[in-house]
Each structure stands twice: as C-alpha cells, then as structure tokens.
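Same order as they appear, the protein sequences are chains W and A. Residue 69 in my numbering sits at position 69 of the first sequence; the count goes up by one each step and never skips. Numbering-wise, my numbering comes out as the position in the second sequence, counting from 1, plus 1000.
2 protein chains.
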Amino acid sequence: MTRYWEDFTVGESFDLGSLTVDGDEMLAFARRFDPQPFHVDEELAKETPFGGLIASGWFTASLFMRLYVDAVLADSTSQGSPGLSELRWLSPVRAGDVLDGRLTVLESTPSRTKPTRGTVVLRGELTRAGQPVLSTTFRGLFGRRPR
Amino acid sequence: MTRYWEDFTVGESFDLGSLTVDGDEMLAFARRFDPQPFHVDEELAKETPFGGLIASGWFTASLFMRLYVDAVLADSTSQGSPGLSELRWLSPVRAGDVLDGRLTVLESTPSRTKPTRGTVVLRGELTRAGQPVLSTTFRGLFGRRPR
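Put into structure tokens, the structure is as follows:
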C-alpha cells in the first residue's frame, strides 16, 4: 500500500531490517570516494588510531539509505530530501559488521506553499549489537493523499 | 607537505577543483544505495517533480568527499570525522553537470582530552556554474604537529 505524507505518525518507529557489511564493497567505495589510508590501505590503517580498515562514513550512510528505501520509501510518494540537520558517525564500522536500521518520525508538517506536499522530520539510526554506529536527523518530502 | 591541525587557519578557503557527473556511475550508485524512481528509472523520473533522472544526494556528497580528499586530506594527519551538523541538497544534480568544490575553515579547537589532536569545523560547498547544489558543515579531526 502506497505510503503518503499522511501515513507518517509522529512517534511512530520502523524496523528497517539489517545487513552485513561487505569488505570488498566497502573497500571499492572508499577507493572511489574516500581514499584515506584508514579506509583503503590495510597496512597503513594498522598504524592509525583505528587499528585497521574502517568504512568511509559515506558508505555507512549509503547503506542506511538502502535499508530506508527498501523498508519505507519503495512504495511511497517520496519526493526526495532537502537535507539533514545532523549526521553522526559514532563508532567505526568494519567489514563483516551486522548493522540494524531504525527510523522514527519526529515531526510532520504540511507544506505552506504546496497543498499536495508535506514534510516529515525523521531520525535514522544504525546499530551493531545494540551499540549505535550512525545517527541522523533529516527531512523527507512526501506527496499528500489525493482528496 | 603534510597538513597538520595547526595548518588550518580560521577563515581560510580552499578551491577543491571540479568534476563532471558521470551518468552511468550516478545510476549504478543509485541502483545499489538509493533505488527511488527519480534516481533509477528514466521514464518514471519524467513523471516526478524533477522531470528526469537526478543523482542520489549520497552520490553527490560522496563526490564532494573525493574532491576534499584529493585537495586537502591526501597529505594530512586526518583522523576522520565524528559527523556533521548540516547537509543541504540545494538543487537537483544531473548527469553531465560540472561541479566545483570549495572548503572554508570556520573554527579550530585543540582537543581537551588528547594533546596530540585538534578539531576543525569546515564548510564544504559544491556549485554548478556558481549556483550552490550542496552545502555542509562538518567536523574534522587532525593530528597536531609534533613538538
């Protein structure tokens, strides 16, 4: 059933499912977008405060996005996002980590200028064995239910 | 010459260079991480407010990261980032767009707990023909110059 703006209820929380971090993909992403030693060079990474290879934060954020799309946006009236007001990388992510996603609706506001659209403020989280590794607060734009 | 925490001066601005958005890569990224219709389906995208395919915001942010790594972090004492306090997607990005990157140092603070580390608050921007398409304010951790 298509999810419209009206279907987001403040305080509602979604289990986004889980995923396992693929080491090869993690490395390929970093080589292309974030080639810092602790993301791309196993030997040099050992000499850094991280003690080994860790995921680019943008890779971790992108993995969160995929969980969010599959669980919530796939069948929705999503019209994208103007941005986010916070994104925190709380713990290094490594190959093989199992991450669980969660989404909570913080605010919901009809558009003042577009009667066919509304905004929701969402809190997204990734955890590993209950320990938070990523959190973010962002806005999502959604089409309203036709009347 | 390696860039230490001390080498970031508040108010200093860096030209990060420019890039052209590759349509195939933009699509492959969206298929994997952000498969919403306006990112992955050319026909369906025409029916959305965007009028055609646009980049996932995470792809655009990752492109910014690559410019930042190449221009500033590659030869630095970067120790990663705890997160960002703002990320705005200001205008849809499309295949073939030429994006210019810029970085400005907003704040610089020595660590209170780790004498070998300091934090900088940075403002990053991507523009297309002078028009802003992405802006972000984030923290970077850097090792201090040995004394």
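We put the CB at the ideal spot given by N, CA and C, even for glycine. Remember, it's a predicted structure, so these values are computed and weren't measured experimentally.
query = glycine 80 of chain W to leucine 1099 of chain A, Cα distance in whole Å?
reply = If you take the alpha carbons of glycine 80 of chain W and leucine 1099 of chain A, they lie about 20 Å apart.
Going along chain W in order, which residues have a C-beta closer than 9 Å to the C-beta of methionine 1026 of chain A? By Cβ distance, chain W contributes nothing, its closest Cβ being about 13 Å from methionine 1026 of chain A, past 9 Å.
task: Examine chain W for any beta-carbon lying closer than 9 Å to the beta-carbon of glutamine 1131 of chain A, and answer yes or no.
output: no
(message) By the three-class DSSP mapping on this structure, what secondary structure does valine 1093 of chain A have?
(response) coil
Euclidean distance between Cα positions of alanine 1055 of chain A and proline 1146 of chain A = 42 Å
*To the nearest angstrom, how far is it from the Cα of leucine 1063 of chain A to the Cα of glutamate 107 of chain W?*
30 Å
Margin query: Run through chain W and tell me which residues come within less than 7 Å of aspartate 1007 of chain A, C-beta to C-beta.
Written below: Residues of chain W passing the Cβ test: none, with the nearest at roughly 17 Å.
Touching by the beta-carbon criterion (3+ pairs, under 8 Å), the region 1123-1136 of chain A and the region 1083-1091 of chain A: yes
Beta carbon proximity, alanine 1071 of chain A to chain W, threshold 9 Å:
Interface annotation, alanine 1071 of chain A: not in contact with chain W, CB-CB separation never under 9 Å.
Cutting at 8 Å between CB atoms, please list the residues of its own chain near alanine 1061 of chain A, excluding the five before and the five after it.
Leu1087, Leu1134, Thr1136.
Can you tell me the Cα-Cα spacing of aspartate 1015 of chain A and alanine 1071 of chain A, whole angstroms?
8 Å
Exercise. Going by the beta-carbon positions, is the gap between glycine 1143 of chain A and leucine 1122 of chain A smaller than 9 Å?
Worked result: No, these two residues do not count as a Cβ contact at 9 Å.
Is any beta-carbon of chain A found at less than 9 Å from that of glycine 80 of chain W?
-> Taking Cβ atoms only, chain A reaches closer than 9 Å to glycine 80 of chain W, which makes this a yes.
Just to confirm the assignment, what range does the alpha helix (DSSP H) spanning threonine 60 of chain W have? 57-68
Checklist line | Continuous alpha helix (DSSP H) stretch holding glutamate 1042 of chain A: start and end | finding: 1042-1046
Closer than 9 Å between beta carbons: that is the criterion. Which residues of the region 1080-1096 of chain A meet it against chain W? For the region 1080-1096 of chain A, the beta-carbon criterion of a distance under 9 Å to any beta-carbon of chain W is satisfied by Gly1080, Ser1081, Pro1082, Gly1083, Leu1084, Ser1085, Glu1086, Leu1087, Arg1088, Trp1089, Leu1090, Pro1092.
**Message:** By alpha-carbon positions, which one of A/Leu1126, A/Thr1009, A/Asp1022 ends up nearest to aspartate 1110 of chain A?
**Reply:** The sequence as given places proline at residue 1110 of chain A; aspartate does not occur at that position. Residue A/Thr1009 is the option with its Cα nearest to proline 1110 of chain A.
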